[in-house]
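Structure first, then comments.
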Amino acid sequence: MKTEGTESKPGTALARIGLAAVLSMGAMAGAAQADKIVISNWDGYMPADLLENFTAATGIEAELSLHGTNEEIMGKVVAGGGKGYDVLFVSSPFAEALHNLGLAAEIDHDKVPNMANLYPEAMQLAHDPGNSFSVPYAWGTTGLCYRSDMMEAPTSWNDLLEPSDDLKGKVTMLSTDRWLMGAAALAMGKSLNDTSEETLSAAKEKLIAAKQDLLSYDDTTFYQKVVSGEATMVHAWDGWCNYGIAENADIKYVVPSEGSDLWVDTIVITAASENSEAAHAFVDYVLGEDVGIWVASNILYKTPNQKAMDALDASLLESFPNMAMEPSELIKYEQLRDLGEGQKAFARTVTEIMAAQ
Amino acid sequence: MRNRLKSVILLGPGLGWLALLMVVPCGLIFTYSVFERGVYGGIDYTFTLENFRRAADPLFLGIFLRSAKIAGLATLIAILIAYPAAFAITRAPRDWQTALLILVILPFWSNYLIRTYAWIVMLNREGLINNGLAGLGVIDEPLPLLYNSFAVVVGLVYNYTPFVVLAIYASLNRINRETIEASEDLGASGWVTFWRVIVPQTVPGIAAGGVFVFVLSIGNFITPDLLGGGRLQMVGNLIYDQFLSARDWPFGATLSMFLIALMMILLFAQAMVARRAAGEGAG
């Protein structure tokens, strides 16, 4: 899951493209327009030369703008009605919120033939069955990333929330609200999207107690802490645990017995886009096999792109076993959904947990 | 008349700057604080005083108190470190003083985040200090130096002490040497001269430097986040989270109002100290 990063300041990583390419061809309907599309994505979340290649292939100029967090791009798009942006990379609850606010465009599948590259399961996602307003880009689970040379394999979320004595002060948790609360909800066997008073206050109690035994909260460098041995077990998104595994093969990733969330990072076309054709062409380009292979082999995330996953080098799946999780397994996990009005009580609870001593 | 026109012209840019970047934003913050939050951020323009009621909750008042404690401690330590340093610099030969002052501000040539990350490298369980002490056989188990209030205070003191050195140096430099000579001529020991003649004359410098550290520390959110490991929230983190993660702008605005009020009181007190000192000097 891509989230925050106090340290990654969005630079002006503009991919400025030569005008000559615009004149080169007209294979796509959108190519006739010389207008530029603006894409907002996390830093480093797509190939550095993607826009250049896209322009070379389609003749459409594209500019990259960066966001550090979902909340940041959400704030900008809500404030400006989405004007100035054509394509956004956001996590699924935010795609859903954009849709509910009327800020996400309908996706015309006829203009995105590469949609056929996706697994059938990736067309059945709970937040948007049939991919009518969002297209999945990467997906995965949230679980425990641990040093198998320093501890027995954990089996339950309670191994994190109520750590044994030798693990006290050697575990970290994600503090991004939905995943922080998700750990407690899963441990209690509740829905990740339950915002009832009862569930929230039980989760609060559990998480305030868990806070006492943490080394720290960590959403950005947790895998380094496992590598250095500063932490023995961390609450982690699977792809990020892979960065640790890449440095030390004793690091392992496990989804606790109570399960995980299925996180999905998606691509959305803004309703305000004045270059809908070009935006569709971009989405189609990203769904191509090559970009999918790049995502899997460089970010070490699973992608819902079947064609890309099938083309992966077998050694990658061996080194990073969680990359081999089947879509049929993933789809069993509950997705984080837009909480709507429930967000208010949810945010209050998270504030109180973070504020507690 | 011409003089008045001149002052208006000279004051104009400064006042315009303050109005645009201080008065207007504060007005916005105040406005936000009396409305309800929107579901997806932004403001739902329904009047309410609920945000103030909520901010007065012991949980949040406790965070203000904790932040004030940490900022106060950082201020105290910074002054204790900075005073002797500034004193030593004023006693150094003239042409050394500039070089020493440059050394004091040298850390600012690197980025705040990098300087803070450097402390993580030093303080963590496997860090320089723990490994060094273990290597010397002083400790068996790593000391818990990071992700607690100790680390936060260290980070704040480290980052803000140079400002205090500069402020105290400036006021030490302004002391009339004759008052020191007079004190010595009248038979006061070096210690008595220091306490009764030198220190009182540098109170404005101590106050200015101290308020500076306190105000910057109490609103800081990067240091508690990185060195406190997010477990120890200060009021700056609380406000940051309301705007950037809880999407509760009005509550964030209300907390900001409290913080701004606290800072105003402190700056007012500091201005009073400076004024009294100036008055005494004239009398």
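The listed protein sequences derive, respectively, from chains A and B. My numbering puts the first residue of the first sequence at 33, with every later residue one more than the last. My numbering puts the first residue of the second sequence at 18, with every later residue one more than the last. All C-beta atoms in this analysis are idealised placements derived from N, C-alpha and C, irrespective of residue type, glycine included. In this text the structure is predicted, and so the values were computed from the model without any measurement.
Next item on the list: Ignore the nearest five residues each way along the sequence and tell me which others in M60(A)'s own chain have a CB closer than 6 Å to its CB.
Entry: Numbered from 1 along the first sequence, position 28 holds the residue referred to as residue 60(A). Its pLDDT being 40, under 50, M60(A) is placed unreliably by the model, and the measurement read from it follows with that caveat. Counting only Cβ-Cβ distances below 6 Å, and skipping sequence neighbours, we find T90 and A313.
Margin query: Using a Cβ-Cβ cutoff of less than 8 Å, which residues in the same chain neighbour G134(A) once the five nearest sequence positions on both sides are dropped?
Written below: As a first step, residue 134(A) must be located in the first sequence, where it is residue number 102. Same-chain partners within the cutoff: A303.
Notebook entry, point to check: Interface residues of chain A around E143(B) at Cβ under 7 Å?
Noted result: Locating residue 143(B) in the second sequence gives position 126, where the first residue counts as 1. Taking the beta carbon of E143(B) as reference, the chain A residues within 7 Å of it are S260, G261 and E262, listed in sequence order.
Note to self: Buried or exposed for D251(A), going by 16 or more other Cβ atoms inside 10 Å?
What the structure shows: The residue given as residue 251(A) occupies position 219 in the first sequence. Here D251(A) is buried: its Cβ has 16 or more other Cβ atoms, across all protein chains shown, within 10 Å.
Check: Going by beta carbon distance, what residues of the same chain come within less than 7 Å of A53(A), once the five residues before and after it are set aside?
Finding: Residue 53(A) sits at position 21 when you count from the first residue of the first sequence. Because A53(A) sits at a pLDDT of 34, beneath the cut-off of 50, its placement in the model cannot be relied upon, and the following sentence gives the value as read from the coordinates. For A53(A), same chain residues with a beta-carbon under 7 Å away, outside a window of 5 residues either side, are T87, A88 and G91 in chain order.
Note to self: Along the stretch 91 to 106 of chain B, where does the CB come closer than 9 Å to a CB of chain A? Name the residues.
What the structure shows: Residues: none.
Next item on the list: Taking only beta carbons into account, state which residues of the stretch 221 to 253 of chain B come closer than 9 Å to chain A, listed in chain order.
Entry: Hits within the stretch, in order: I239, D242, L243, G245, G246, G247, R248, L249 and Q250.
Next item on the list: Using beta-carbon positions only, say whether I215(B) and I235(B) come within less than 9 Å of one another.
Entry: By one-based count along the second sequence, residue 215(B) stands at place 198. By one-based count along the second sequence, residue 235(B) stands at place 218. Contact: no.
Next item on the list: Determine whether the Cβ of F268(B) lies closer than 9 Å to any Cβ atom of chain A.
Entry: Numbered from its first residue, the second sequence carries residue 268(B) at position 251. Output row for F268(B): interface = yes.
Check: If you count every other CB in all the chains shown that lies within 10 Å of the CB of M251(B), and 16 or more means buried, which is it?
Finding: Here residue 251(B) corresponds to residue number 234 of the second sequence, with the count starting at 1. Around the beta-carbon of M251(B), 16 or more other beta-carbon atoms lie within 10 Å, marking it buried.
Notebook entry, point to check: Got a sec: is the Cβ-Cβ distance from L32(B) to anything in chain A below 9 Å?
Noted result: Stepping through the second sequence from its first residue, residue 32(B) is reached at position 15. With 9 Å as the cut-off, L32(B) does not count as an interface residue toward chain A.
Item checked: Candidates A241(A), I299(A) and D181(A), of which the one nearest E128(A) by Cα -> Position 96 of the first sequence holds residue 128(A). Closest in C-alpha terms to E128(A), from the list A241(A), I299(A) and D181(A), comes I299(A).
Next item on the list: Show which residues of chain B have a CB atom less than 7 Å away from the CB atom of G107(A).
Entry: Numbered from its first residue, the first sequence carries residue 107(A) at position 75. Think of a sphere of 7 Å around the beta carbon of G107(A): the chain B residues whose beta carbon falls inside it are G58, in chain order.
Margin query: Can you tell me whether W295(A) is helix, strand or coil according to DSSP?
Written below: Your numbering for residue 295(A) matches position 263 in the first sequence. Looking at W295(A) - three-state DSSP - the assignment turns out to be strand.
Notebook entry, point to check: Pick from L246(A), N274(A) and G271(A): whose alpha carbon is nearest that of E262(A)?
Noted result: As a first step, residue 262(A) must be located in the first sequence, where it is residue number 230. Considering only alpha carbons, the answer is L246(A).
Next item on the list: Within its chain, find whatever has a CB closer than 8 Å to the CB of L150(B); leave out the 5 residues flanking it on each side and keep chain order.
Entry: For the purposes of this step, residue 150(B) is identified with residue 133 of the second sequence, where counting begins at 1. I156 and L160, listed in sequence order.
Note to self: Using a 10 Å radius around the Cβ and a threshold of 16 neighbouring Cβ atoms, would you call S206(B) buried or exposed?
What the structure shows: Here residue 206(B) corresponds to residue number 189 of the second sequence, with the count starting at 1. It is exposed - the Cβ of S206(B) has fewer than 16 other Cβ atoms within 10 Å.
Note to self: To be precise: take each residue of the stretch 117 to 134 of chain A, compare its Cβ to all Cβ atoms of chain B, and keep it if any distance is under 7 Å. Which residues remain?
What the structure shows: If the cut-off is 7 Å between Cβ atoms, the stretch 117 to 134 of chain A has A129 and L133 near chain B.
Notebook entry, point to check: Interface residues of chain A around F77(B) at Cβ under 8 Å?
Noted result: The residue you call residue 77(B) lines up with position 60 of the second sequence. Going along chain A in sequence order, the residues near F77(B) (Cβ under 8 Å) are A387.
Check: How many angstroms separate the CA atom of K339(A) from the CA atom of K86(B)?
Finding: Here residue 339(A) is taken as the residue at index 307 of the first sequence, counted from 1. Here residue 86(B) is taken as the residue at index 69 of the second sequence, counted from 1. Pairing K339(A) with K86(B), the inter-Cα distance amounts to about 58 Å.
Check: Apart from the five residues on each side of it in sequence, which residues of its chain come closer than 8 Å, Cβ to Cβ, to V170(B)?
Finding: To locate residue 170(B), count along the second sequence from 1; it is residue 153. Contacts found: I87, L90, A91 and I94.
Next item on the list: Give the interface partners of E229(A) over in chain B, defined as CB-CB distance under 7 Å, in chain order.
Entry: As a working note, residue 229(A) is residue 197 in the first sequence. Ordered by position in chain B, no residue passes the 7 Å Cβ test against E229(A), which lies about 17 Å from the chain.
Item checked: Residues bridged to C177(A) (per DSSP) -> Translated into the one-based positions of the first sequence, residue 177(A) becomes position 145. V266(A) and Y285(A), per the DSSP bridge assignment.
Next item on the list: Taking L97(B) as part of the alpha helix (DSSP H), name the residues at either end of that continuous run.
Entry: Within the second sequence, residue 97(B) is the residue found at index 80, counting from 1. Counting along the chain, the alpha helix (DSSP H) containing L97(B) begins and ends at P75 to R108.
Check: Going by alpha carbons, who is nearest to P101(B) out of A168(B), N141(B), I80(B) and Y186(B)?
Finding: Locating residue 101(B) in the second sequence gives position 84, counting from the first residue. For P101(B), the closest C-alpha among the options A168(B), N141(B), I80(B) and Y186(B) is that of Y186(B).
Item checked: Per-residue DSSP class, three states only, for V300(A) -> Here the question's residue 300(A) lines up with position 268 in the first sequence. V300(A): strand per DSSP, three-state reduction.
Checklist line | Outcome for G269(B) when other beta-carbon atoms lying within 10 angstroms are tallied against a minimum of 16 | finding: As a position in the second sequence, residue 269(B) is number 252, starting the count at 1. Label assigned to G269(B): buried.
Checklist line | Proximity winner among S262(B), M139(B) and T115(B), relative to R54(B) (alpha-carbon distances) | finding: As a first step, residue 54(B) is located in the second sequence; it is residue number 37 there, counting from the start. Distances from the CA of R54(B) to each of S262(B), M139(B) and T115(B) were compared; the closest alpha carbon is that of S262(B).
Next item on the list: Flag this pair as yes or no: are the beta carbons of V266(A) and N280(A) separated by less than 9 Å?
Entry: Stepping through the first sequence from its first residue, residue 266(A) is reached at position 234. Stepping through the first sequence from its first residue, residue 280(A) is reached at position 248. No, these two residues do not count as a Cβ contact at 9 Å.
Note to self: Check this for me: beta carbons of T208(A) and K222(A), under 9 Å apart or not?
What the structure shows: The residue labelled residue 208(A) in the question sits at position 176 within the first sequence. The residue labelled residue 222(A) in the question sits at position 190 within the first sequence. T208(A) is not a Cβ neighbour of K222(A), given a cutoff of 9 Å.
Next item on the list: Leaving out five residues on either side along the sequence, give the residues of the same chain with a beta carbon under 8 Å from the beta carbon of P161(A).
Entry: Walking along the first sequence from the start, residue 161(A) turns up at place 129. If we look at P161(A) and ignore the five residues flanking it on each side, its Cβ neighbours are M155.
Note to self: Ignoring anything shorter than 4 residues, give me the alpha helix (DSSP H) runs that lie fully in the stretch 137 to 179 of chain B, in order along the chain.
What the structure shows: The DSSP assignment places 145 to 152 as complete runs of the alpha helix (DSSP H) inside the stretch 137 to 179 of chain B, in order along the chain (cut-off: 4 residues).
Check: Per DSSP, what kind of secondary structure is N73(A) in: helix, strand or coil?
Finding: The count along the first sequence starts at 1 and reaches residue 73(A) at position 41. Here N73(A) sits in strand by DSSP.
Note to self: Suppose contacts are defined by Cβ-Cβ distances below 9 Å. Is Y285(A) in contact with D270(A) by that definition?
What the structure shows: Within the first sequence, the letter at position 253 stands for residue 285(A). Within the first sequence, the letter at position 238 stands for residue 270(A). For Y285(A) and D270(A), yes; Cβs fall inside 9 Å.
Note to self: Going by DSSP in three states, Y62(B) sits in which element: helix, strand or coil?
What the structure shows: Locating residue 62(B) in the second sequence gives position 45, where the first residue counts as 1. Y62(B): strand per DSSP, three-state reduction.
Note to self: Could you check whether the Cβ of L247(A) sits closer than 9 Å to any Cβ belonging to chain B?
What the structure shows: Taking the first residue of the first sequence as position 1, residue 247(A) is located at position 215. Judged by the 9 Å Cβ criterion, L247(A) is in contact with chain B.
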